[in-house]
Amino acid sequence: MKNKKMKKNNILILHHNKQWIKYIKVIKKLANFVLTKKYQQTTLSILLTNSNYMQNMNNIYRKKNYDTNVLSFPIDKEILGEVILSYGKITEELNIWKRDFQTHTLYLLIHGILHLLGYDHIVNEEALIMELEEEYLMNKFILTTKI
Numbered sequence: 278m279k280n281k282k283m284k285k286n287n288i289l290i291l292h293h294n295k296q297w298i299k300y301i302k303v304i305k306k307l308a309n310f311v312l313t314k315k316y317q318q319t320t321l322s323i324l325l326t327n328s329n330y331m332q333n334m335n336n337i338y339r340k341k342n343y344d345t346n347v348l349s350f351p352i353d354k355e356i357l358g359e360v361i362l363s364y365g366k367i368t369e370e371l372n373i374w375k376r377d378f379q380t381h382t383l384y385l386l387i388h389g390i391l392h393l394l395g396y397d398h399i400v401n402e403e404a405l406i407m408e409l410e411e412e413y414l415m416n417k418f419i420l421t422t423k424i
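Quick note on our numbering: the sequence shown kicks off at 278 and runs consecutively.
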C-alpha cells in the first residue's frame, strides 16, 4: 500500500516572544494538515504574539479593546490569510478549557483556519458545525501525526 504524502502548503510563522518557539513545529504541522484536508495548496501566515499586540489588533479591526485568543484575516485564494494567536490569552484560558497550552493552541489554530475557510459561529447551528469540524480535525491530527 502506497504512503499518501501530504501536500505541502506554504506556512509562514512569525513570533513576538520566545515562549512560542517550542510550539512552532507542531503549529506548522497542524496548519498544513488542516489545509491539506480542507483546501488545495495555499499560503497561510501565522503570527504568534503577546496580549498587548493582540489587544491592539482587536481594537483596530474589531473595535473591541481587549485581548482575545485568536483573530483571522482572510486575504484571497493564493494567500488564504493570517491567523494571530495570543500567548497571554491562551494561557489565561487553560483552566477554563481544562487543556494544556499546546492542545488549546492547536484547537484555536484550527478555529482560526476554519474562519478563513468560511466557517462561522454567529448562529447556533453554524457554531455546532464549526465545533464538530474542530473536534474532527483535532482528533484526526492526533491519530495520524506524531506530536
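Glycine is no exception: its CB is placed at the ideal position from the N, C-alpha and C atoms.
Remember, predicted model here, so these are calculated numbers, not experimental data.
Exposure label - residue i; buried when at least 16 CB within 10 Å
{"i": "D344", "result": "buried"}
{"i": "K366", "result": "buried"}
Contacting residues, own chain, Cβ-Cβ under 8 Å from residue i (five flanking each side not counted)
{"i": "L383", "result": "V303, I304, L307, M415, F418"}
{"i": "N327", "result": "H293, N294, S363, Y364, G365"}
Backbone CA spacing between residue i and residue j [nearest angstrom]
{"i": "E370", "j": "N401", "result": "22 Å"}
{"i": "E410", "j": "K295", "result": "31 Å"}
{"i": "R339", "j": "N309", "result": "27 Å"}
{"i": "I288", "j": "S322", "result": "6 Å"}
{"i": "N372", "j": "Q379", "result": "13 Å"}
According to DSSP, residues forming a beta bridge with residue i
{"i": "F427", "result": "No statement about residue 427 is possible, as the shown extent of the chain runs from 278 to 424 and does not include it."}
{"i": "S328", "result": "Answer is none; S328 lacks a bridge partner."}
{"i": "I323", "result": "I290, V360"}
6 Å CB neighbourhood of residue i in its chain, flanking five on each side removed
{"i": "L324", "result": "L291, I361"}
{"i": "I352", "result": "G358"}
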